[in-house]
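S.K.: Just so we're aligned, residue 1 is where the sequence shown starts under UniProt numbering, counting upward by one.
Submitted below is the structure of interest, expressed as structure tokens.
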Amino acid sequence: MTKLQEENNKLRDRLLELLREQQAEAIRQRQEQHETKAMMEEQLAQQREESREQKTMMETQLAEQKERSHEQKIMMEDQLKRQREQMEKQLVQQEEIITLLKMSKAS
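Right, dumping it as structure tokens:
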């Protein structure tokens, strides 16, 4: 082998080594990108699930609040009805007392 062939072989070997290193780096970067993408997809799926759970929880709370409000409304209506009935009874009693007083004054 001549010196020129030896240098050519060394250069070729060095180029092949650099090419292999580039290919290995490209493979490593693709793997890293794939892992990053998979991690981001997993995080997104987790965020979606958390959002769904939060939405469900908020809907449940809203339904419970509506139910409590409805129950409170019914209780207040019942209380007002009882108060009205009590006031009407008192009014009737007062009218009876007034009538009795008028009758006792007349006699």
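Idealized CB from N, CA, C, for every residue including glycine.
1. Helix, strand or coil for Thr60 per DSSP?
2. Distance check for Glu49 and Glu59, CA to CA, integer angstroms please.
3. Please give me, in chain order, every unbroken run of the beta strand (DSSP E) with length at least 3 that falls completely inside the stretch 18-74.
4. From Arg28 to Leu19, what does the alpha carbon distance come to, in whole angstroms?
M.R.: Based on what the coordinates show:
1. Residue mapping note: residue 60 aligns to position 60 of the sequence shown, counting from 1. The answer is helix: DSSP assigns Thr60 an H, G or I state.
2. Residue numbering aside, residue 59 sits at position 59 when the sequence shown is read from its first letter. Residue numbering aside, residue 49 sits at position 49 when the sequence shown is read from its first letter. Cα-Cα distance, rounded: 15 Å.
3. Those beta strand (DSSP E) runs which fall completely within the stretch 18-74 and span 3+ residues do not exist here.
4. Within the sequence shown, the letter at position 28 stands for residue 28. Within the sequence shown, the letter at position 19 stands for residue 19. Whole-angstrom Cα-Cα distance: 14 Å.
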